[in-house]
Structure formats: structure tokens, C-alpha cells
Amino acid sequence: MNKKISPYILIFVFLLPACSGSQYVWRSDPPLQSYNNRYFAISTVPIILFDGYGAFAIKVKNKTNRNIEVDWNRTIFISNAEANGGFMFQGIAYERRNCRIPPDIIPPYRTLRKIVFPNNLVVKSDDVWVHKPMEKGENGLYITVKINGKNMGATLTSHLSEKREQKSEGYL
Numbered sequence: 017m018n019k020k021i022s023p024y025i026l027i028f029v030f031l032l033p034a035c036s037g038s039q040y041v042w043r044s045d046p047p048l049q050s051y052n053n054r055y056f057a058i059s060t061v062p063i064i065l066f067d068g069y070g071a072f073a074i075k076v077k078n079k080t081n082r083n084i085e086v087d088w089n090r091t092i093f094i095s096n097a098e099a100n101g102g103f104m105f106q107g108i109a110y111e112r113r114n115c116r117i118p119p120d121i122i123p124p125y126r127t128l129r130k131i132v133f134p135n136n137l138v139v140k141s142d143d144v145w146v147h148k149p150m151e152k153g154e155n156g157l158y159i160t161v162k163i164n165g166k167n168m169g170a171t172l173t174s175h176l177s178e179k180r181e182q183k184s185e186g187y188l
């Protein structure tokens with residue numbers, strides 16, 4: 017009987033490592049950043065593209081009875097506590113990402129939702145434009161909102177990290 021159990025134990029010992037292991041997982045602390053005043057509310061969430069965080073989902077809510085504007089030319093990508101260029105988004109050609117961008121106008125009590133990509137992380141590789149991931153560390157943005165002709169800003173950053181975690185595929 018011991019001879020029949022041995023092969024099963026041997027198989028189990030070899031299959032056990034295949035069912036568990038480790039993987040690298042990106043983390044954002046905090047996962048959502050927000051800013052709120054009497055005129056507007058802003059929230060941002062870093063978005064994982066392929067090999068790390070490469071964009072931000074932004075939501076700006078107008079809390080007034082007048083139009084407000086998001087000034088993209090004064091909105092800055094922050095990478096490890098330093099300004100690192102502006103942003104691009106759908107509708108902006110890669111070649112024109114560093115040109116002046118018209119503001120987004122948000123009507124009274126409405127919300128703007130947009131995914132933005134840091135300009136300086138977009139590179140051309142083999143005739144294809146590629147979004148590089150953000151560096152680990154403090155990343156975010158300084159967003160400028162224009163209300164009644166006056167610019168107001170908010171800084172929203174998160175600490176981005178990559179950690180090795182145990183991965184479980186389930187039970188045998």
C-alpha cells in the first residue's frame with residue numbers, strides 16, 4: 017500500500033507549487049483622490065494600462081449655476097513631486113499633444129468625465145505611439161479650473177507602487 021501512495025504524494029508535491037506562486041500587483045494609495053470646495057468637486061483614479069499605471073480617470077462636478085472651465089494648458093502631470101508636462105486625451109492627435117488645448121466647459125450642475133494620459137509618457141516606438149507607465153512613487157496632477165474668470169487649482173496625488181503578492185489558483 018505504501019508503494020501506491022508514494023506516486024500520489026509525489027504528484028501532489030509537484031502540483032502544489034503550480035497552484036500557487038507570486039505575481040506583481042500595482043497599488044495606489046489612496047486608490048481615489050478627491051478635492052471639494054463650494055464651486056466644484058474633483059476626483060481622480062490612476063488607471064492600469066498594460067504594465068503599470070499609465071493614465072488617470074478624472075471627474076469634475078460643477079456645483080454652481082454658471083459654466084466653469086477646466087484649463088488643460090495649466091493642468092500639470094506631477095511625477096515624484098515635480099511637474100512633468102501636461103496631458104492629452106481622446107480627440108488630441110499624438111503629434112499635437114504639446115500644442116494649446118481648448119478648455120472643457122462644464123455647464124451648471126453637470127459633470128465632466130475624462131481619461132487623460134501624461135504627455136511626457138507618450139513615445140514613438142517602431143512607428144507606433146506607446147503610453148509608458150508612470151514611475152513608482154508620488155504621481156498625480158495639478159488641475160486648473162476657471163470660475164468667473166478666476167483660476168483655482170487643486171493638487172491630487174497618490175503613491176503608486178508595485179508589490180509581489182502570493183497568487184492562489186484555487187483548490188486541488
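Residue numbers (our numbering): 17 to 188. Even glycine gets a Cβ: it sits at the ideal position worked out from N, Cα and C. Remember, it's a predicted structure, so these values are computed and weren't measured experimentally.
Could you tell me if residue i is buried or exposed, where buried requires 16 or more neighbouring beta carbons within 10 angstroms of its beta carbon?
i, result
"P118", "exposed"
"W88", "buried"
"L172", "buried"
"T60", "buried"
"R126", "exposed"
"G156", "buried"
"I74", "buried"
"A97", "exposed"
Return the residue from the list the options that minimises the CA-CA distance to residue i.
i, options, result
"V139", "K162, E111, L128 and I163", "E111"
"K77", "F133, I122 and G101", "I122"
"F105", "F56, P134, I84 and E85", "P134"
"N114", "P124, G107 and F103", "F103"
"P62", "P46, Y55, N53 and N52", "P46"
Would DSSP call residue i helix, strand or coil?
i, result
"Y110", "helix"
"L137", "helix"
"R90", "helix"
"P119", "coil"
Return yes when at least one heavy atom of the ligand FMN lies under 6 Å from the C-beta of residue i, else no.
i, result
"W145", "Among the components of this structure there are no ligands whatsoever, and the ligand FMN is therefore not found."
Keeping to the same chain, check which residues put their C-beta closer than 7 Å to that of residue i; ignore five residues upstream and five downstream.
i, result
"A99", "I92"
"W145", "Y110 and V138"
"D142", "none"
Which same chain residues, not among the five before or five after residue i, have their C-beta less than 6 Å away from its C-beta?
i, result
"S50", "S59"
"R90", "T160"
Quick one: residues in its chain with C-beta nearer than 8 Å to the C-beta of residue i, no 5 flanking neighbours on either side, listed in chain order?
i, result
"E178", "Y40, V41, W42, R43, G68 and K152"
"L65", "A71, H147 and P149"
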